[in-house]
Every structure is written in C-alpha cells, then in structure tokens.
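Novice:
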Amino acid sequence: MRILVNEIKKIFNWRMLLLLAFVNFVLYFLLIDFHITHFPNGRPALDSYRIGAEMIETYGIKMDETDLAHFKRTYDAQIDEANRYLQAREEFVNAGMDTYEKFRNYDQQNEQLSVLHAKIMFEEKVDLFWELQERERLIDFQNNKEAILETRRNDAENESQRARFEQMMEAGHYQVYPEITFENYKSFIRNAAIVILVSVVLVMSPIMIHDRSALMLDLQYTTKKGRAIYKTKIAAGLISTWLLITALLTIYFAIYSFNDTSMFFPVPVHMFINPDYYWYDPTFFQYIVIHVAAIYVIGFIFMFIAVIFSTLMPNYVSLIGIQIPFVIGMIAFGLPNMLDRIIDIRFPQWAMPALYSLLAAASIGLAVMTWKREKRRDIVM
Amino acid sequence: MRIVAYECRKALTSPVLLGLAFVFLCFNIFLIVDRSDLKDELKVVNQIVASQGVQITDESLHRFQQHLQTELSKLNERIMNQANEKYNSIHAFLETLRHEDWEQLSEADRAFIAELQIKEMHYHMAIQMDERYNQVDWRQIGEGEIVQSGLSGKTADYFRDAYAQLVERVEQIKLTDAHKTWFFAGVYHMHSFLFRTIFAALIFEALMLSVLTTALITNYEFEHRTHLVMYATAEGRRLKKDKFIASMISAATVTVFLIGATLAVYFTIFDYSHVWGSMIGSVLNWEYERPYVPWRDLTFLSFLLWSMLLIFASVMIFNVLTFAVSVLTRNNYYTFFLMAAFFGLLFIMPLLMPSLFGLKSIVQFNLSQLLMNPHQFFMGNASIPMMSKHYELITLLVWGIIAAALSWLMLKMFKTQDIH
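Chains A and B are the protein sequences, given in the same order. Residues in the first sequence are numbered from 1 upward in steps of one, following this note's numbering. Residues in the second sequence are numbered from 1001 upward in steps of one, following this note's numbering.
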C-alpha cells in the first residue's frame, strides 16, 4: 500500500504538475476558451439560445401540435409588435417601410432602405427583429419536420436504419428545438477530450521508463517484492489516470457551466435541429454522461498504450516519437467519430461498442504481454 | 569534427525518429494524392501558358480568344454537325447539353470539351479578375481592419501608414502589369493547398522532429548516465558545443529531407512546368475575398524558394531555443512538452494580452504566428500585424537574437554548472 501511494506521488511530482498546468493553460486557450467566452456567438445565436430556453420553459421536453400552434401565435403577436414599432418611427414610415413584411423583403439595391434596415439590425440591435428572424427559421423546420424525417427514411442505407427512422416517425420524434446549445456542447466536449487525452499521455508516459533510466530496476527487482512492483506501478497508473481525468473533467465542466445551458439538459437529443440522427433517445444530460464514460475509456486505453511504450522504448525521445502518430491519429480521426458519432445512425448499432471493446481489449492484452515479458526479462546486461 | 559526426549519428540513426519521419512523409503524400484528381486540369493551364506566354497582354488575350474560336468551330463541326445550332461559347453549349447526349459522346470528345471549358474559364477569369482587381479599395479595407482590431492612436497610425504603402504598391503593380500573368485559377485553391495545407503539415512535422533530435543529442549523456564520464573535465564540457553544432546539422538534415521529399512528390504529381515564372500576385491566383498582393514582385518559383528559406530559418531558430531549454531542463521529456506548449503559448499571446498600447499587435511578431500563416508570407493583404512590410524579417531577427542569446547563456552556464 505504501509503495502504491509513493508510486502515485512519483507520477504526480511537482515538476509534472507544473508542466501539466502549463500545457492545460495553453490548450485551454487554444481549444476550449472560444466555445465558452463566445457563447452565444453574436446574433442570431443569442436569440436562438433565448428562444430555446423560453420554449423549454413553456412547452417542456415534448412539443405537440397545440404547442406548435402556440409558438406560431407568439410569432404572429411579435409581427404585430414589429409593425407597431415600425409605424411609430417616422423615418421608416416615410421610407415606406412601415410593416414587418416590407422590412423583411426590402429592396437591397435601395441605399436608403438598406441603411434603415442595418440601423435596426446592426446599430440598435433590436431584439424583436432578430428574434423574429430566428422564429421564422424554427417555424420553417417545424412545418417541414415530417418531410425531413421522411426524406431521411427514404435515403436510409439499410434496413435497420430504415426501421429506426420509422420508429422515430411513429413516436413523433421530430427536430423542433434550436440546436445552438447542443452544437456548442459538441464543440466543447470534442476539444475537452483532446486536452484530456494529451494530459493523460503527458502524465502517464514516464511511468515505467523513469525508474528504468534511473537504473532503479536493479534495486527494485532484487527486493522481496521484486517484479510484482510492475503490477503496483500499473495500479498506480490506473488510479492516477482516474484522478487526472476526474479532476480535468470537473474543472472543464465547471467552466462549461458558465455557458448556462442546464435548462436544455432534460431535452432528448433527437429534438434538436441537427443533421445527425441517433440509435437511442437519450436526453441531453444522458448524452453528456455517455461522453464522460467514453472519455474515461479512451483515457484508460491511452494509459495502457503509455505503459506499453514506457516499458519497451529505450529513451524518452523514442517514447514521445512513437506515441505521436497514435495521439495525432486519435485526435484527427478517432475522436470526431468516437465522441460525436458514438450513437450515430451512420454507423451500425454495434460498431461503436465493438470499436471501444476492441481498442480496450487490445491495449490491455498488449499490456499483459509486456508484463509477462517483464517477468522473464534479464535485467543484468 | 568526428565527435560532431558521431553526435549526429545518434539522432539520424534512431529507429523511432526515422520511423516518425517516414510516417510524416506518408501522411504528406496522402494529402497530395488525395487532391491529385486536379492534375489533368492543371495540365491544360500549362498548355495555355505554353502557347500564349506567361504574360497576359491585350494581344495575347486576343490571340487566345481566336484560338478559343477555332476550337469552338471544331466543336461545332465535330459534335454538333447533326444539330443545326451553333454555339459561341462552350458554356452555352454545356448549358443546353442534355445528360443523355453527354453519355453518347465519345471519350475523346468529352476530353476535348472539358479542356475547352477550362480554357474558356481561364480566359473569362483573366478579364473579369483584372476588372475586380482595379475595384478593390485597400484604403477602405485598411480602415475596416483597424476598427475591427480595436486599434487607436499610434498603432492605428502605424497600420494606416502600412496600408498607404500597400495602396502605393498596388498602384505600382498596376503600372507594371506585374499581376497580369497566367496561373491556375483561384477556384482550384492551389496556392492555399501548397502553401497552407502542405506547408503547415511540413512545418509541424519539421518542428516536432527537430525538437526530438535536438533533445536526444543534447541530453544523451544524462539519459544514458554517462554524464559523469563525459562532463568531468573542462575539456569534456566543451562537448556541449559540439552537441549544439550536431543538433543544428541533424535538424537541418531532417527538415531539408522532409521538405525536399514532399515537394518532389508534389511537383511530380502536379504539373507546374510552365508556371514557375508566373507571378505569385497573379490576378488568377485569387482565392478568397482579396487577391494576394506581395510586397515585391515575386514569381511563383522565387516565392516558393523564399518561403522554404523562411520556414527553414524559423525551424532553425526554434531549434536553437530547444537547445537552450534542453540544457536547462536536462530532461528530454520536459523539453519536448515545454517546447510544444511554448509554441502554443506564442500562438495565443494576442488573446492573453490586454488591448493596450497595441500590445495585441506587437506580440503577434512571433515565430508561431509567423509559421501558422505560410500562405501569407511576404503578402500585404494579410491580417493586421502581418501586413507590416517587414513582418517576416523583424520576427526572424528578434527571435533569432533571443534564441542565440539564450543558447549562449546556457552554454556559458553549463561550463561551471554542478552536474550531479
């Protein structure tokens, strides 16, 4: 037990913690910061976010026909308001832009009208007009919701996809809610996963090579505990990886909470307007939980890869060099599929669980093999 | 000298580094081959240049138009002789062409049509783009950029001056017709593809490999526990200097190999044989909102060579910095991640700086900002700080001096340092 604790302390030595903090600082600003400070990013993103929050408050997590009618009535009421707004302003009446209809379909070649239009939209940034624009877009989607899903069903690549689309049509799983928070979350988690992946590789890679290059193995392997210390080191690695991922997830989700999106959490993911369709119907919150679990699994897979190469590579440069293709490959090709599309209908239903299991089994299997090799290895050169 | 060679051998024969270089090269080749469907269309542009000369003049345009007309009449004869219609442009022909008719055409006819279409597109582009070139109001763009970057006072004046120089430069280009040369049309995005996609990949790969080789050589003795033998005497400590030279040679070798091999593949696949002498600021090389306006008249070839030199110099400066850091940390692992994070830190500097005294613009004069925009080297149409006329030179000089000073300091420190 004492050895285990000391091994963990060795992994999280103060120099490593400083480097970890520095790397995370830089990566945060490179990858994550934008999705936090610029959310919602300008107009009409802000209006989309506001309307979405309002819709959840009024209609809850299911939007039936009466709700849709209510949404349209709100839109009509806002048009009346916009008409009154325009009619109350002399310059707009004089220019003949006295109804929202005229405002919307203004002649873009006409300079006077363009200036007036820009004045409301970009100078004064009147919420009402931006909101109307966004509501229009949403109503468009709501009107076409059946048609969109039908097209998807007709374009289905195979029987199981078709069955899934039909099931969604039967259950009335249509896309009606604005997607802005969901898209923002997806960008956030993809980048957070990159940061966590790099952090795990950074902290775990020296795990075996450190003692070996310090010629400690001669001492360690001749003690009573002997080569079993290798297993203790792996255990220390597992615990440290868990600690590291948990700490980083906590920090980054705490930062994410500034986006204030929790009201969207109970909404099922199939309700967001979105080109993606899923095999299952988790809520937004459950979807986050799936991602968190996936990040843990990926983190542990890369810990095992680090253990393997840390045992096999002759020096630190080789250790880093050999892992670069794995990490870059994972970031460029792995993560976009393994996170965003973890329950995506584009892949067969079994594909993602199978891929995760395969990667996990392969990395653990290879780690066991290196342990077997370590048990028999001649340490006297 | 023999020691330097032995030190180089440590890095250049390391199987992992060689393997990594090989993987990087494969990746670059993959990037290139992925776009190779364009290569036949680019050949047509070479044909144009071969027959019309690289300069676009009124006379050559006229000649080109006549050539197009004869080609068109051939088309009318060959393909449309059964129909009575005559087309005056391939565009009009293709618009009326039905899918079934296209299916019936022979392979040679289709190739002929495709070729003619590309020629016609380039002809129209040459005329249209020239007109658009004259309409770009750089002064207004400059004002817009300055407002957008939130600059005021002296910094704003500095960049206003830079834009005034740019306006002058554009006038000069228009006078000398330096922009009127044939090049692959902007729709192919060949400039971005080569100088952004491929070069960005090359830069990252060269940086990673150079950091790894330098770290490997510099800290080899510490890592292999031979430091007590090697550095025990004053004479032994001089080994560090040899290691410095060796790391520079190794990094240079790796960089030259990567760039050379990748570009060799690139130019084998894509035919540039007749456009080497075309201007990089050609009106046809207009990919996004604004055309490329280089500060000097650069042909494609000279732009390519200068860019390669710039990248090589930057990688070398970064390598000198790496040397300083690895002497300081004595640990390859920390060296690599510190350098990687440092590169990122330089890149986010403008984000971290308060918008006071133009600090945001000043900190953009750094290596990583320079290297992240290889398609904008020597260009006046770049974003605010990079549009300063001597951006590349200033950045390289400043960072070269910083790196050299640090390395010298570290070498001096190392002579008297406690090594145990």
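Ideal Cβ placement from N, Cα and C applies to all residues, glycine included. Bear in mind the structure is a predicted one, so any value in this text is a computation, not a measurement.
Would you say B:Y1006 reaches chain A, if we count a Cβ-Cβ gap shorter than 8 Å as a contact?
Specialist: With 8 Å as the cut-off, B:Y1006 does not count as an interface residue toward chain A.
Novice: Excluding the five sequence neighbours on either side, which residues of its own chain have a C-beta within less than 7 Å of the C-beta of A:S114, listed in chain order?
Specialist: Result list for A:S114: Q108, in chain order.
Novice: Tell me the DSSP secondary structure of B:M1279 in three-state form.
Specialist: Of the three classes helix, strand and coil, the one that applies to B:M1279 here is strand, per DSSP.
Novice: Which stretch, first to last residue, makes up the alpha helix (DSSP H) that contains A:F302?
Specialist: 284–312 is the span of the alpha helix (DSSP H), which, as asked, contains A:F302.
Novice: To the nearest angstrom, how far is the alpha carbon of A:G329 from that of A:I298?
Specialist: Spanning the two alpha carbons is a distance of roughly 13 Å.
Novice: Determine the DSSP secondary structure at B:F1244, reduced to helix, strand or coil.
Specialist: Reduced to three states, the DSSP call for B:F1244 is helix.
Novice: Measuring only between beta-carbons, confirm whether B:Y1333 sits less than 8 Å from chain A.
Specialist: True, the Cβ-Cβ gap to chain A drops below 8 Å.
Novice: So, using beta-carbon positions, are A:V198 and A:V307 closer together than 8 Å?
Specialist: No, the Cβ-Cβ distance between A:V198 and A:V307 is not below 8 Å.
Novice: Of the residues B:L1025, B:V1147, B:A1215, which one's Cα is nearest the Cα of B:A1011?
Specialist: Here the closest residue by C-alpha is B:A1215.
Novice: Here's the rule I'm using: 16 or more other beta-carbon atoms within 10 Å means buried, otherwise exposed. How should B:S1278 be labelled?
Specialist: With 16 or more other Cβ atoms within 10 Å, it is buried.
Novice: Does any residue of chain A bring its CB to less than 8 Å from the CB of B:L1338?
Specialist: Closer than 8 Å to some Cβ of chain A, the Cβ of B:L1338 qualifies, so yes.
Novice: For A:I301, collect the residues of the same chain with a Cβ closer than 7 Å to its Cβ; drop the 5 residues on either side in sequence, then sort them by chain order.
Specialist: Hits under 7 Å: L359, A360, S363.
Novice: So with CB distances below 8 Å, who are the chain A contacts of B:F1347?
Specialist: Within chain A, the residues near B:F1347 are L30.
Novice: Is there a Cβ of chain B sitting closer than 8 Å to that of A:R15, yes or no?
Specialist: Chain B, which has a Cβ nearer than 8 Å to the Cβ of A:R15, makes this yes.
Novice: What separation, rounded to the nearest whole angstrom, lies between the Cα atoms of B:R1139 and B:K1243?
Specialist: Roughly 51 Å separates the two Cα atoms.
Novice: Say whether chain B places a C-beta atom closer than 8 Å to the C-beta of A:L243.
Specialist: It does not; no Cβ of chain B falls within 8 Å.
Novice: Which residues of chain B have a Cβ atom closer than 7 Å to the Cβ of A:S213, listed in chain order?
Specialist: Chain B residues near A:S213: E1223.
Novice: Would you mind listing the alpha helix (DSSP H) stretches within the region 1189–1274 of chain B that are 4+ residues and don't spill past its ends, in chain order?
Specialist: Counting whole runs of 4 or more residues, the region 1189–1274 of chain B contains the alpha helix (DSSP H) stretches 1199–1218, 1220–1223, 1227–1230, 1234–1237, 1239–1269.
Novice: 8 Å is my cut-off, CB to CB: does A:N154 come that close to chain B?
Specialist: Judged by the 8 Å Cβ criterion, A:N154 is not in contact with chain B.
Novice: Can you pull the chain A residues whose beta carbon is under 7 Å from the beta carbon of B:A1215, in chain order?
Specialist: Here the neighbours are V317.
Novice: What number of angstroms, rounded off, separates the C-alpha of A:M352 from the C-alpha of A:I290?
Specialist: The alpha-carbon atoms of A:M352 and A:I290 are separated by roughly 12 Å.
Novice: For A:R377, count neighbouring C-beta atoms within 10 Å of its own C-beta (all shown protein chains included) and say buried if the count is 16 or more, exposed if not.
Specialist: The residue in question, A:R377, is exposed, as its Cβ has fewer than 16 Cβ neighbours within 10 Å.
Novice: Starting from A:E136, trace the alpha helix (DSSP H) in both directions and tell me its first and last residue.
Specialist: Here the alpha helix (DSSP H) through A:E136 covers 127–143.
Novice: B:N1219 and B:N1366: beta carbons closer than 8 Å?
Specialist: Cβ atoms of B:N1219 and B:N1366: not closer than 8 Å.
Novice: For the region 1007–1039 of chain B, enumerate the residues whose C-beta is nearer than 8 Å to any C-beta of chain D, in chain order.
Specialist: Looking at the structure shown, chain D is missing, and the protein chains on hand are A and B.
Novice: According to the neighbour-count rule (16 or more other Cβ atoms, all chains shown, within 10 Å of its Cβ), is B:F1357 buried or exposed?
Specialist: Its Cβ having fewer than 16 others within 10 Å, B:F1357 is exposed.
Novice: Would you kindly check if the distance between the Cβ of A:M63 and the Cβ of A:Q175 is under 8 Å?
Specialist: Cβ distance not < 8 Å, so A:Q175 and A:M63 don't count as in contact.
Novice: With a cut-off of 8 Å on the beta carbons, I'd call B:K1119 and B:V1044 a contact; round off their distance for me.
Specialist: Correct: roughly 6 Å between the Cβ atoms.
Novice: Measuring only the C-alpha atoms, how far is A:M313 from B:S1282?
Specialist: Approximately 51 Å, taken between the alpha carbons.
Novice: Terminal residues of the continuous alpha helix (DSSP H) containing A:D218?
Specialist: First-last of the alpha helix (DSSP H) with A:D218: 217–220.
Novice: Can you list, in chain order, the residues of its chain with a C-beta nearer than 7 Å to that of A:K375? Leave out the 5 residues immediately preceding and following it.
Specialist: Result list for A:K375: R227, in chain order.
Novice: Using the C-alpha atoms, what's the distance from B:L1338 back to B:I1317?
Specialist: Going from the Cα of B:I1317 to the Cα of B:L1338 covers about 16 Å.
Novice: Taking the alpha-carbon positions, what's the A:D218 to A:S240 distance?
Specialist: Using only the alpha carbons, I get a separation of about 25 Å.
Novice: By the criterion of Cβ-Cβ separation under 7 Å, what are the contact partners of B:M1208 in chain A?
Specialist: What B:M1208 touches in chain A: I324.
Novice: Does DSSP classify A:Y174 as helix, strand or coil?
Specialist: Three-state DSSP puts A:Y174 in coil, outside helix and strand.
Novice: Once the 5 residues before and after A:G42 are set aside, which same chain residues still bring their CB inside 8 Å of it?
Specialist: If we look at A:G42 and ignore the five residues flanking it on each side, it has no Cβ neighbours.
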